[in-house]
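Engineer: Taken in order, the sequence shown gives residues 1374 to 1812; the numbers are from the numbering used here.
Submitted below is the structure of interest, expressed as structure tokens.
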Amino acid sequence: MPMLPQEIIAAKRDGQALTEADIKAFVAGITDGSITEGQIGALAMAVFFQGMERAEAVTLTKAMRDSGDVLEWPDMPGPVLDKHSTGGVGDNVSLMLAPAVAACGGYVPMISGRGLGHTGGTLDKLDSIPGYVSQPDGETFAKVTREVGCAIIGQTGDLAPADKRFYGIRDVTATVESVPLITASILSKKLAAGLSGLVLDVKCGNGAFMSDLDKARTLARSLVEVANGAGLPTTAILTDMNAPLATAAGNAVEVANAIDFLTGRHVDARLWDVTVALGAEMLVSGGLAASPDEGARQMEEAFSSGRAAEIFGQMVVALGGPADLMEAHEKHLPAAPIVRDVLAGESGCVTAINGRAVGIAVVALGGGRVRAADDVDPRVGFTNLALDGDAVDSETPLATLHADTEGAFEEAATALRAAYTIGDARTVIDRPTIIERIA
Ligand code: URA
């Protein structure tokens, strides 16, 4: 017999490990509404202070996975693989990663999310492609994944409904920042997607959810151990988010940047490093590569052969988008009425970029949400962002700004200049993009 909710809360408050029966009963009560918001908030706070042992976190994750639909992929010709990122700025990695892994023999049913806070969301980016159905029914999702090799969409069905209620309550009770709770929240949704391998991109730096390296490492270890404990082969990479990853930040502008990457017209170096490294891990988890080095070689070939671009184009068409998007994205992606450079206004070298401030500037332009119900403006954002270490003078652009009005342009230009630190012209920036692999 599981304990009453108040006894479970008291046990955790007093530092005890919860039993499997108690955790399952509590999650069942979250899902069916029989446990109150107050009780859920109290348990979250108890876990925040007392933590959870790995075995408890595995049980919690599995119980939350089982609170709704669990997808299955019977008879797929290859491993079913995905990535999760803790969220970044100018981070359009998913758009290149999914088709490249598909080109290497993986199947990628990628369920992506909307922007959160200052970080962008893949789903918002895809919604800037005219005609693209980003939330298809489950049957279409499965068909496109099987036939094309990847489908990047927003959530369909009822995956991990316990997390939806639990997260909403954590959000208003100051209990989001608990490692076991973040772990169970992220992984319950990924386990419910029926994957056979997963890679986690855990970002750290001023544009990340976890700015501190030690905290990011602790989260990455928890995610990797709990995912493997729940039976999902998973590795993680700690990556640098002290500056936007792409030279573009926004929605349509990041889709254009991804298409330019896939077709080889313009490839941002940091984006390349992260995409290849994550793909290599997915190929290893899925048994398609013997080592990350071999996986990296396969990923490079997927891009250089044009196969990843071809698959992305096929996915767009299969989900209702234009047939010539890859050849002529300018014709299809929505453009802002004002597109003008923001000049550095001083001479020197870019010594730091506040990634979080760039993300917030995109939100203020309308490219992200202030309230959950807001629509995003797909047209706005930045392109040609100057990079760390770039030499600038007063006439050099820090970025090209895409805005809806002159007022929004001026505000975002001021915010962008404030986000850049221009220092001594001789400064050399040596900060690795890939910080550490956690297996
Ligand atoms: N993202 C999630 O999905 N869950 C968390 O708890 C935190 C970030």
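Think of the CB as a built atom: it goes at the ideal place given N, C-alpha and C, for glycine as much as any other residue.
Does L1377 pass the burial test, meaning 16 or more other C-beta atoms within 10 Å, or should it be called exposed?
Structural biologist: Label assigned to L1377: exposed.
Engineer: What are the start and end residues of each continuous alpha helix (DSSP H) run of 4 or more residues lying completely inside the segment 1478-1551, in chain order?
Structural biologist: 1495-1499, 1511-1521 and 1534-1544
Engineer: Only counting runs of 4 or more residues, tell me where the alpha helix (DSSP H) segments fall wholly within the segment 1634-1663, in order along the chain.
Structural biologist: 1642-1658
Engineer: For the segment 1536-1623, which segments carrying the alpha helix (DSSP H) assignment without a break, of at least 4 residues, lie completely within its bounds, in sequence order?
Structural biologist: Counting whole runs of 4 or more residues, the segment 1536-1623 contains the alpha helix (DSSP H) stretches 1552-1565 and 1586-1602.
Engineer: Using C-beta distances below 7 angstroms, list every residue in its chain close to A1764, excluding the 5 sequence neighbours before and after it, in chain order.
Structural biologist: C1722 and A1798
Engineer: Do you know how far the Cα of G1451 is from the Cα of G1580?
Structural biologist: 35 angstroms
Engineer: Measure the C-alpha to C-alpha separation of A1619 and G1424 and round it to an integer number of angstroms.
Structural biologist: 36 angstroms
Engineer: If you measure between the beta carbons of L1496 and G1511, is that distance less than 8 angstroms?
Structural biologist: no
Engineer: Among the candidates W1645, T1778, E1674 and G1762, whose CA atom is the shortest distance from the CA of L1468?
Structural biologist: W1645
Engineer: In the DSSP output, what is H1702 paired with across the bridge?
Structural biologist: According to DSSP, which records beta bridges pairwise, H1702 is partnered with nothing at all.
Engineer: Ends of the alpha helix (DSSP H) at P1695?
Structural biologist: That residue, P1695, is in no alpha helix (DSSP H); it is neither H nor E in DSSP.
Engineer: Return helix, strand or coil for P1472, following the three-state DSSP convention.
Structural biologist: helix
Engineer: If you compare alpha carbons, which of A1622, I1555 and V1517 is closest to A1730?
Structural biologist: A1622
Engineer: Would you call the segment 1603-1614 in contact with the segment 1572-1591, where contact means no fewer than 3 C-beta pairs closer than 8 angstroms?
Structural biologist: yes
Engineer: Thinking G1478 and L1651 are a contact (beta carbons under 8 angstroms), I'd like their distance in whole angstroms, please.
Structural biologist: Contact between G1478 and L1651 does not hold, since their C-beta atoms are separated by about 16 angstroms, which reaches or exceeds 8 angstroms.
Engineer: Per DSSP, what kind of secondary structure is T1392 in: helix, strand or coil?
Structural biologist: DSSP places T1392 in coil when its eight states are reduced to three.
Engineer: Below 7 angstroms, is the gap between the Cβ of I1396 and the nearest heavy atom of the ligand URA?
Structural biologist: no
Engineer: Specify the secondary structure class of L1377 as computed by DSSP and reduced to three states.
Structural biologist: L1377 falls in the coil class under three-state DSSP.
Engineer: Using only alpha-carbon positions, find the residue among A1417, D1395 and I1807 that is nearest to R1386.
Structural biologist: A1417
Engineer: Buried or exposed: which applies to G1504, given that a residue is buried once 16 or more other Cβ atoms fall within 10 Å of its Cβ?
Structural biologist: exposed
Engineer: List the DSSP bridge partners of D1455.
Structural biologist: L1571
Engineer: For A1390, which residues from the same chain have a beta carbon less than 8 angstroms from its beta carbon, with the 5 sequence-adjacent residues on both sides left out?
Structural biologist: Around A1390: M1425, E1426, A1428 and E1429.
Engineer: Tell me whether the beta-carbon of A1701 lies closer than 8 angstroms to the beta-carbon of A1476.
Structural biologist: Taking 8 angstroms as the Cβ cut-off, A1701 and A1476 do not qualify as a contacting pair.
Engineer: How close, in whole Å, do the beta carbons of G1739 and D1750 come, if the pair is a contact with beta carbons under 8 angstroms?
Structural biologist: Their Cβ separation, rounded to whole angstroms, is 4 angstroms, which keeps G1739 and D1750 in contact under 8 angstroms.
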